[in-house]
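> In the numbering used here, the protein residues as written are 50 to 361.
Below is the structure I would like to discuss, written out as structure tokens.
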Ligand code: DON
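Structural data, given as structure tokens:
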């Protein structure tokens, strides 16, 4: 298939999905409700680095939970699987992203739900109980550098969205304090939360998500920059956990219909990966009851069936 063939297919899929206005923009983080609900972007990054960009592919939105596999990759890279597995499981929770969902060892069931992501963020901080804003800031800069290497460009923080979540995030604070009471955090819960809220407010476009996706597809090496960001082993772990847990309590429906490891965010983004082949970034901020983009899912379903991308 030539580049213009693929481009034509992608345009057709977008026009077929364009009229779907179902779902609601997230408003439990007040600043997220300020976006254009009809924004719609699609990018596909190939394993050779070629990037297809359509619609609102240049619109910036916050990464939200699409950050979770990346921070998990950082924790795995730094600490190794044994140390990370001691703190975070790899089982699907079958529950909503903001449930506490711990296993019999009181570990969060996986790193794709909020509880597991808060522990993963905490693992990147020095294991001390004091909250030092400078240490949080320095660790956030490391996260930003890692995500930027995956995207192949320098990313930045959306301060308004960060402040908005920090001002209203009682539920995540409650989760962090509960995990701390279980002995799940080596840092102060406030330090873990400060870092987690920052990582969620990093701004991306669908181009960024697609390039991050192809970096995972290519075993941790970004094909556009040639730079290795994480190992093949870490990429294999990410793809496994994204397949079983990335779409929360809709993971089974997703993998049946689309057949690709993926991660969604309440900012409206979805990142999907076809291992060895490509990364997909979709943006459409109206969400379903699971917190997943309605039109993003529809777009990925069509991509999968029209282009034969289902893995199984
Ligand atoms: O922690 C939260 O609630 C948000 N910062 C992220 C949640 C999220 O994106 C869930 N995904 N679909």
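Ideal placement from N, C-alpha and C gives every residue a C-beta, glycine not left out.
#1: In whole angstroms, give me the CA-to-CA distance for residue 277 and residue 124.
#2: Use the C-beta contact count for residue 279: other C-beta atoms within 10 angstroms, 16 or more gives buried, fewer gives exposed.
#3: Should the stretch 350-359 be called in touch with the stretch 52-72, which here means at least 3 C-beta pairs below 8 Å?
#4: Is the beta carbon of residue 318 sitting closer than 9 Å to the one on residue 330?
#5: Where do the N-terminal and C-terminal ends of the alpha helix (DSSP H) with residue 52 fall, by residue?
#6: Hey, quick one: how far does the beta strand (DSSP E) through residue 95 stretch, first residue to last?
#7: Where does residue 131 fall in DSSP's three states?
#8: Kindly list the residues whose CB is nearer than 7 Å to the CB of residue 214, restricted to its own chain and excluding five residues on each side of it in sequence; keep chain order.
#9: What do you reckon, are the CB atoms on residue 207 and residue 109 nearer than 9 Å?
#10: Jot down the residue ranges of each uninterrupted alpha helix (DSSP H) in the stretch 100-128, minimum 4 residues, whole runs only, in chain order.
#11: What does a CB cutoff of less than 7 Å around residue 269 pick up in its chain, not counting 5 residues either side in sequence?
#12: Residue 310 and residue 291 - do their beta-carbons sit closer together than 9 Å?
#13: Which parts of the stretch 235-282 are runs of the alpha helix (DSSP H), unbroken and 4 residues or longer, counting only runs that do not cross its ends?
#14: Sorry if obvious, but does the Cβ on residue 163 come closer than 8 Å to a heavy atom of ligand 1?
#15: With distances taken Cα to Cα, identify the nearest neighbour of residue 141 among 132, 75, 274, 152.
#16: For residue 342, which residues in the same chain have their Cβ closer than 8 Å to its Cβ, ignoring the five residues on either side in sequence?
#17: Give the DSSP bridge partners of residue 335, in chain order.
#18: Excluding the five sequence neighbours on either side, which residues of its own chain have a C-beta within less than 7 Å of the C-beta of residue 188, listed in chain order?
#19: Starting from residue 168, trace the beta strand (DSSP E) in both directions and tell me its first and last residue.
#20: Where DSSP assigns a beta bridge to residue 157, which residues make up the other side?
#21: If you run the structure through DSSP and keep just helix, strand and coil, what is residue 136?
#22: If you draw a straight line from the C-alpha of residue 104 to the C-alpha of residue 351, how long is it?
#23: So, is residue 11 buried or exposed, given that buried needs 16 or more other C-beta atoms within 10 angstroms?
#24: To which residues of the same chain is residue 127 closer than 8 Å at the C-beta, ignoring the five residues directly before and after it?
#25: Looking only at its own chain, which residues have a Cβ that is under 6 Å from the Cβ of residue 70, when we skip the five neighbours before and after it?
In short, the structure shows the following:
#1: 16 Å
#2: buried
#3: yes
#4: yes
#5: 52-66
#6: 90-95
#7: helix
#8: 78, 246, 249, 250
#9: yes
#10: 116-128
#11: 277, 278, 279, 280, 281, 283, 284
#12: yes
#13: 238-249, 255-266
#14: yes
#15: 152
#16: 72, 313, 317, 318, 319, 331, 332, 333, 334, 335, 336
#17: 74
#18: 173, 174, 244
#19: Unbroken run through residue 168 is the alpha helix (DSSP H), 163-172; no beta strand (DSSP E).
#20: 151
#21: coil
#22: 16 Å
#23: Past the boundaries of the shown model lies residue 11; the chain is included only from 50 to 361, so the question cannot be answered.
#24: 172, 173
#25: none
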